[in-house]
Amino acid sequence: MTSPPLLSVRGLTKTYAVTVLDDAQLDIRPGEIHALLGANGAGKSTMCRIIAGLTPATSGEMHLSGFPFAPDNKTAAEAAGVQIVQQELNQIATLSVAENILIGRIPSKLGFIQQQKLHRHARAALDRFGLQEIATTTLAGSLGIGQQQMIEIATALDRDCRILILDEPTAALSHGETETLFIWLDQLRSQGVGIIYISHRLDEVIRMTDRITVLRDGKHVITRDTDGVTHDQMVDLMTGETGPSDPSKFQSFAIDAIGMRVQGMTRGRFVQDVSFTVQRGQRLGIAGLVGAGRTELLRLLFGADPADAGELAIGNGPLGKPFRSPRHAVQAGLAMVTEDRKENGLLLSQSIGVNATLASLSPTYSAAGWIRRHAEHDAAEQMRTSLDIRCNSVQQSVGSLSGGNQQKVAIAKWLLQGAEVFFFDEPTRGIDVAARRRIYSLFDSLAADGKSIVIVSSDLDELMQTCDRIAVMSAGRIAATFDRGEWSEEQIMKAAFAHQSTAAV
Amino acid sequence: LSLPIGCGSRSSTPADGNADADPDRPRVALIMKSLANEFFSTMERGAQEHQSQHSDQYELITNGIKDESDLGRQVALVDEMVASGVDVIVIAPADSKALVPALRKAKKAGVVVVNIDNRLDKSVLEQENVSIPFVGPDNRSGAKTVGDHLAKSLSQGDKVGVLEGKTTAFNGIERRLGFEAAMKDAGIEIVASQSADWETNKANTITASMISEHPEIKAILAANDSMALGAVAAIKAAGKTGQILVVGFDNIGAVGELIREGKVLATADQHGDQLAVFGIETALQILGSTDSTTDDVQTPVDLITADTLAP
Amino acid sequence: MNPDPSLPTQSTSPPVTSTMNLRSVIQYAGLVGVLVLLVIVFGSLSENFLQWSTFISIANQVPDLTLIAVGMTLVLVVGGIDLSVGSILAFSSAVLGALMVDWQWSLWASIPFCVAAGAACGLFNGCVSVLARIPSFIVTLGMLEIARGATKLVTDSQTKYIGSAVEGIGEPIAGLSLSPAFLMAITAVIGGQLLLTRTVFGRYCIAIGTNAEAVRMSGISAAPYAIGVFVISGALCGLAGLTYASRLSTADPNAAIGIELSAIAACVIGGTSLMGGRGSVVNSFLGVLIIAVLQTGLAQIGVSDPMKQIITGCVIVIAVLLDALRSRLDTSTN
Amino acid sequence: MNPDPSLPTQSTSPPVTSTMNLRSVIQYAGLVGVLVLLVIVFGSLSENFLQWSTFISIANQVPDLTLIAVGMTLVLVVGGIDLSVGSILAFSSAVLGALMVDWQWSLWASIPFCVAAGAACGLFNGCVSVLARIPSFIVTLGMLEIARGATKLVTDSQTKYIGSAVEGIGEPIAGLSLSPAFLMAITAVIGGQLLLTRTVFGRYCIAIGTNAEAVRMSGISAAPYAIGVFVISGALCGLAGLTYASRLSTADPNAAIGIELSAIAACVIGGTSLMGGRGSVVNSFLGVLIIAVLQTGLAQIGVSDPMKQIITGCVIVIAVLLDALRSRLDTSTN
Ligand SMILES: Nc1ncnc2c1ncn2[C@@H]1O[C@H](COP(=O)(O)OP(=O)(O)OP(=O)(O)O)[C@@H](O)[C@H]1O
Ligand SMILES: Nc1ncnc2c1ncn2[C@@H]1O[C@H](COP(=O)(O)OP(=O)(O)OP(=O)(O)O)[C@@H](O)[C@H]1O
Ligand SMILES: O[C@@H]1[C@H](O)[C@H](O)CO[C@H]1O
Ligand SMILES: [Mg+2]
Ligand SMILES: [Mg+2]
């Protein structure tokens, strides 16, 4: 199968303060799914953004169907048949779902929006992608990020294209939605669309893609057929070194002491009567479909939202009222790495250092109200090393880091603060394999220290790999809980759908 | 730069407790301008005192605007007072021209209108074909008197600066002309003349730079006392107290003190507290008579110096 | 990101089901409530308040502020601010005055130039702030000074008396008892509301105010919309210059100083966000009415000036406070 | 989220390497450049400009605005705005005047009450806006009216002449040729800058202005800091009330009307973001100096009032424009 490339990219270079893409190349054939692999900060998103006309290249050339291709902006790229779903969400919170889907081509007559046409079209686009439960009039901002992500994909799929770029589309999706997406990708492939697919979930890559291209530090490493390449080989290609093959032999650190107890926590229809206990040193995973209420549950426990009912206790003490604010939760020994780092996890325009020490500034990095600047700097440097945050310096603003590195900074904040119970909401969203392993071993060492950990993840493999127990949420309730060794993917999925039909959406 | 929300209007409860008891008493609206100037709070107080002594004769409602620029609001006040059914409007217009059409409408609605303090523009009155009596001082001759007094302390060829009032107010223009006439007579040169919009702080800034640009200045002639206060402070800051003389206009309370201290040489008392009263009396007269044409009434202006002030 | 500490959670937990429209309808009801309350209070405090003539006098005053508030709402929605509205109003009416008085032009020939003068100022505001990417706060603050200076040049710092030629705009049309000025203001409110809620232009403005970067990522160039909004605001200030001139029969170089804060207050009372992305023209108009009724009512009941200011300040805060409490109640019971 | 259309890309593509400090140092250099340029221009236009007396007169004028701009910078950094500064200044100086004139208190006994009066107004601003979560724009707009009304009540709407008792604050200390007022202003600038860059308080303020929700989710309660900043601003207005009174020897109920826009302009010229999260007290001070030099210079060269306004407007825009261009250049060549 050596049809001429639909898109060819040669000598692509992009320089910000440093060169992030260096003479990179890429060929996309019609009717293939082409994985773009690389560690965090390798330049994958940058390459895609250039192809989609969102940012100009410093040098290099591109050809589309044999013709020179240099889109000045996104509209030009779209006109040439290139669609992109970006890594970061780009929904406009105050517009309706329908308007978001059709933005840039809202049907109108004399400037007036044709409401019926708009909603009919949007409805069709959502239905086609299995999103019947989302009303087209809903404001995008009131949806969870999983649903927003699906809308972005539906938006791209709704437009005709020859090249479709999906930059980590599944990072915020759970099993069910991912399957729907794959059905669509198969169909597009058979229609001859060339698809660039970025994911840190290598199993997906092996299963779905035809060829892979690996980038390392902005340079092209290899392009080859996916057939025959193993998980470990891909990791080696990305990191450039032969690492130990999957190290994660699970070891339990759970001890017989209570880390956190939760009883009957309820908030509206999002979280209903949730109870569980985590031991010290135990890792509890929470699985579920998008919108099952996992994020809501963590926010509730963390005091970020008020509870309607329920009690909880950190450690062995008696059950007490839920926390009134995150401040109370943190004082009691909770920490929470939020799901949406952009919205409520990070100060994007501030430096890595400022972000890393935010939660622990007082009292750890200050004396009598004055910041101990050296101590602060050292702490940031230490985090940079131990989490391998790729940056120019710890003074760099977090907003200019790659997505994965941003996530590491969000975690660093809580490692410096320290806590008894850690909540991780989608902790590896957008994180590369190497870093992901580092985070898993971080879970290990936290657990070994006797900390309790609650992990919400839409990546079931991740939970099965790292957790002692997995609770499955469905429509706001815990539908089932499995201990290690008792679970299977099938059982978990079944539990995830348990209350789905009865849930009012 | 300025302030918001036109809350600037002012009114006061009828001083008489049972205001509503006597529906036959005429209702008089006193509409003043810049409440950013204590001249008008003095005026208001004078009017209220008069009303409480003659509470059987009329009912009083007083309003003003937040500053000289709030012209739109003053026009609106005229409308509102007509709407609320007053019989008399006594007004100190913030602008000599812009108020005329609104006042014409008020007259048409049967309201007796008297103009005080700042004279309405003659040509506009003619064009609008209304006659509105003016009750107030001769600002030009008042200013000339102050200027003449100042000239006695200066010598020919000396240089002075003038702080003008708002350029759209007729009385401000008149006072400038009065100052100019006095200086011309005495052979004194005006080297700088700028408007400080009747305001203390603006006058302070402008005087400060006048002094550093023209260090030879011997006196500042301010078209009102608020500006004179600003000038005195600027002179003090430049370390020239006593070397630069200041005169003003209005005789507000704060200036009396400065005159005693010798920081202000003279001011003109235009009897602000009586100005509204004169206006009200004139209006009540018109109301009582059948003759609708009334002549202007000139009110007195007195020169105030350390000598005339009781110790 | 989250610009006002007073709204720390707003962006992350928007009300669950309420769509934009529902929200602004609720707000609308609240504002009408405040307005009715004010009318009742003043009606009971002053026997002369509840009269036709009072309402006519309010209707006479509101056109200027209404026209400006409509433009301001749009500007705030795209995430900008326009401090120069008062100066632009003055400048436009100075142009009108100069044409009609010095050049003896007719009213109809002069109006287009009056509006164009305003639109030109708006174009400057829009181009400089959007293209050079400097905060509109500063650009329009500059324009506040520049247009005021230009006004004084045009009028020679003197009030220009135009006379009856311009008064027709402010006088009731026979049989309607509403003036062309008032009708213009109402038209602007309705037009502005339709523009914001029913047209593509309006949706893009909301989108730009919410997340300009996402709009850019969607392949839409924000500049024409953002600039357009400033031009509209300028043109509406031009119209307001006309209604102001007609109300006073003069072109006044000191016209409308400080009106920007009143206009912004009206918008915010009406629920428009200073952070962009949210606003309703109709609700801003209600804000204007609240301010006007408050002013007129206070002038009629005869409290002292200091008390008047204190009451005004309290009512502004309380109006927004009530609204905030109510909408929080809505969200939590939902 | 992205509030000013003129800054569409700021939040997502911040300058790559520049740290807060580096950025504000570059800005600092730019501002000093503008300042020097202005001095040269005025020096060459007016023979008497480059004189000691001019500088003394500028040094006399700046303390009020400087003190206010320091507080305003902090308020802007947390993402708020304070429109009530002028009224609070007037209210504090009225309290001072009443105590010293009517009650015959000494200066030293009165000062604490003068400052406390300002701080109390700030506390109200902070509590209402932060706890009730309504935009500080509205709360402080209300306070602008309320404090002004209260001022008139306290002074009985009369200018209170205090006289020499208060003048010492504004007069040069023997041997130093600087006044206590000026020293207070400088102290406030240095203290404010240290507070913002070196203390936990300042860091939290910046964080709150950047993303209040992220701060909350980090287990920090934003309210005390946001409120604290308004209290500081109020207290500094109280001090400014003192320097203002000493400069004019009076407590003037109409003091400092409109100063809020000058103060905000100074901050923005100095690079403080109106969206919160970014600001430098020292640079705001340079903004104040630029405004003061411009004002004094224009008054000295004796251009007409309209031209003065036009030039002022242009300089404000150009100062920020230059800065924007320069920083864009920095980023792209960097
Ligand atoms: N606007 C920008 N300014 C400066 N540097 C940038 C900018 N955008 C990206 N970079 C840098 O470019 C490099 C490549 O980033 P990119 O987002 O392409 O990585 P990626 O391969 O997509 O990583 P990830 O898997 O984490 O998403 C990173 O080091 C990042 O810090
Ligand atoms: N602030 C909110 N207002 C309204 N609805 C919300 C809010 N937060 C979450 N929801 C809705 O509540 C449901 C549960 O959301 P939650 O984010 O907890 O789900 P999740 O299981 O974490 O899935 P996701 O992967 O989307 O984060 C979803 O339908 C979501 O749209
Ligand atoms: O006559 C008055 C006073 O002199 C005042 O100071 C300003 O306004 C004028 O009309
Ligand atoms: Mg990426
Ligand atoms: Mg979630």
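Residue numbers (this note's numbering), protein chains in the order written: chain A, 301 to 805; chain B, 6 to 316; chain C, 12 to 345; chain D, 12 to 345. Heads up, the beta-carbon is just placed ideally off N, CA and C, and yes, glycines get one too. Keep in mind it's a predicted model, so treat the numbers as computed, not measured.
Quiz item: Looking at C-alpha atoms only, which residue of Gly-288/D, Gly-298/D and Leu-76/D is the closest neighbour of Thr-208/D?
Solution: If we check each option's Cα against that of Thr-208/D, Gly-288/D comes out closest.
Quiz item: Quick one: does Phe-148/C have its CB under 8 Å from some CB of chain A?
Solution: It does not: the Cβ of Phe-148/C has no partner Cβ on chain A nearer than 8 Å.
Quiz prompt | Given Ala-779/A as reference, the closest of Gly-603/A, Val-571/A, Phe-602/A and Gly-785/A once Cα atoms are compared | solution = By alpha-carbon distance to Ala-779/A, the top candidate from Gly-603/A, Val-571/A, Phe-602/A and Gly-785/A is Val-571/A.
Exercise. Can you say whether Ala-40/D is buried or exposed, counting buried as having 16 or more other CB atoms within 10 angstroms of its CB?
Key: So Ala-40/D counts as exposed.
Quiz item: How long is the line joining the alpha carbons of Arg-214/C and Leu-395/A, rounded to whole angstroms?
Solution: The alpha-carbon atoms of Arg-214/C and Leu-395/A are separated by roughly 7 Å.
Quiz item: Is Lys-642/A near ligand 1, judged by its Cβ being under 7 Å from some heavy atom?
Solution: No, since every heavy atom of ligand 1 falls outside the 7 Å radius drawn around the Cβ of Lys-642/A.
Practice problem: Starting from Leu-263/B, find everything on chain D with Cβ-Cβ shorter than 8 Å and list it in chain order. | Solution: In chain order, Tyr-172 make up the part of chain D whose C-beta sits under 8 Å from the C-beta of Leu-263/B.
Self-check item: Neighbourhood of Asn-222/D by C-beta distance below 8 Å, restricted to the same chain and skipping five residues each side
Solution: The answer, listed in chain order, is Gly-288.
Self-check item: Neighbour list for Glu-670/A in chain D, Cβ cutoff strictly below 9 Å
Solution: Checking the displayed sequence, the identity of residue 670/A turns out to be Trp instead of Glu. Within chain D, the C-beta atoms nearer than 9 Å to that of Trp-670/A come from Leu-205, Arg-209, Thr-210 and Val-211, in chain order.
Quiz prompt | Length-filtered (4 minimum) alpha helix (DSSP H) runs lying within the region 197-264 of chain B | solution = Here the runs fully enclosed are 205-218 and 230-242.
Practice problem: Drop a sphere of 10 angstroms on the beta-carbon of Leu-61/D, count the other beta-carbons inside from all chains shown, and report buried for 16 or more, exposed for fewer. | Solution: For Leu-61/D, the number of other beta carbons within 10 angstroms of its own is below 16, and it is reported as exposed.
Quiz prompt | Contact test: Lys-71/B Cβ vs ligand 4 heavy atom, cutoff 7 Å | solution = Distance from the C-beta of Lys-71/B to the nearest heavy atom of ligand 4 is not below 7 Å.
Quiz item: Hey, how far is the Cα of Lys-163/D from the Cα of Gln-169/D?
Solution: Lys-163/D and Gln-169/D have their C-alpha atoms roughly 8 Å apart.
Quiz item: Hey, is Asp-93/D's beta-carbon within less than 8 Å of any beta-carbon in chain B?
Solution: It does not: the Cβ of Asp-93/D has no partner Cβ on chain B nearer than 8 Å.
Self-check item: 9 Å Cβ cut-off: residues of chain B touching Ser-168/C
Solution: What Ser-168/C touches in chain B: Thr-172, Thr-173 and Ser-200.
Quiz prompt | Three-way DSSP call (helix, strand, coil) for Arg-50/B in this model | solution = Arg-50/B carries a helical assignment under DSSP once its states are collapsed to helix, strand and coil.
Quiz item: Buried or exposed: Ser-232/C, going by 16 or more other Cβ atoms within 10 Å of its Cβ?
Solution: Its Cβ having fewer than 16 others within 10 Å, Ser-232/C is exposed.
Quiz item: What residues of chain D sit near Gln-650/A, judged by a beta carbon separation below 8 Å?
Solution: Going along chain D in sequence order, the residues near Gln-650/A (Cβ under 8 Å) are Met-31, Ile-217, Ala-218, Thr-221 and Gly-288.
Quiz item: Exposed or buried, which one is Asn-123/B when buried takes at least 16 other CB atoms within 10 Å?
Solution: Classified as buried, Asn-123/B has 16 or more neighbouring CB atoms from the shown chains inside 10 Å of its CB.
Quiz item: So what does DSSP say about Trp-670/A, is it helix, strand or coil?
Solution: Strand, per DSSP.
Practice problem: Using a threshold of 8 Å, state whether the C-beta atoms of Asn-294/D and Ser-64/D are closer than that. | Solution: Cβ distance not < 8 Å, so Asn-294/D and Ser-64/D don't count as in contact.
Quiz prompt | Meets three-Cβ-pair contact criterion under 8 Å: the region 313-324 of chain C and the region 143-163 of chain D | solution = Because the criterion of three Cβ pairs below 8 Å is met, the region 313-324 of chain C and the region 143-163 of chain D touch.
Quiz item: If you count every other CB in all the chains shown that lies within 10 Å of the CB of Asn-616/A, and 16 or more means buried, which is it?
Solution: Exposed: under 16 other Cβ atoms inside 10 Å.
Quiz item: So, is the C-beta of Thr-638/A closer than 8 Å to a C-beta in chain D?
Solution: Yes, Thr-638/A lies at the interface with chain D (some Cβ there is under 8 Å from its Cβ).
Self-check item: Euclidean distance between Cα positions of Gly-494/A and Asp-327/A
Solution: Going from the Cα of Gly-494/A to the Cα of Asp-327/A covers about 10 Å.
Self-check item: Cβ neighbour criterion (16 or more within 10 Å) applied to Leu-78/C
Solution: Answer is buried; the Cβ neighbour count reaches 16.
Quiz prompt | Where the beta strand (DSSP E) through Glu-64/B begins and ends | solution = In the DSSP assignment, Glu-64/B falls within the beta strand (DSSP E) that extends over 64-70.
Quiz prompt | Cα-Cα separation, Ala-227/B to Asn-209/B | solution = If you take the alpha carbons of Ala-227/B and Asn-209/B, they lie about 11 Å apart.
Exercise. Pull up the distance between the alpha-carbon of Ile-309/B and that of Gly-269/D, whole angstroms please.
Key: Each residue's alpha carbon lies about 33 Å from the other.
Quiz prompt | Three-state secondary structure (DSSP) of Asp-75/C | solution = Helix, per DSSP.
Self-check item: Other residues of its chain near Gln-79/B: CB distance less than 6 Å, five sequence neighbours each side excluded
Solution: Excluding sequence neighbours, Gln-79/B sits near Ile-70 and Ala-99.
Quiz item: Measuring CB to CB, does Val-226/C end up less than 8 Å from Ala-218/C?
Solution: Taking 8 Å as the Cβ cut-off, Val-226/C and Ala-218/C qualify as a contacting pair.
Exercise. Measure the Cβ-Cβ separation of Cys-132/D and Ile-99/D and say whether it is below 8 Å.
Key: Yes, the Cβ-Cβ distance between Cys-132/D and Ile-99/D is below 8 Å.
Practice problem: List the DSSP bridge partners of Arg-310/A. | Solution: Beta-bridge pairing links Arg-310/A to Glu-361/A.
Quiz item: Start and end of the alpha helix (DSSP H) containing Ala-440/A?
Solution: Membership of Ala-440/A in any alpha helix (DSSP H) is not indicated, and neither H nor E is assigned to it by DSSP.
Exercise. Quick one: measure Cβ to Cβ for Thr-272/B and Gly-235/B, integer angstroms, because I've assumed they're closer than 8 Å.
Key: The beta-carbon distance between Thr-272/B and Gly-235/B, rounded to whole angstroms, is 14 Å. This is too long to meet the 8 Å contact definition.
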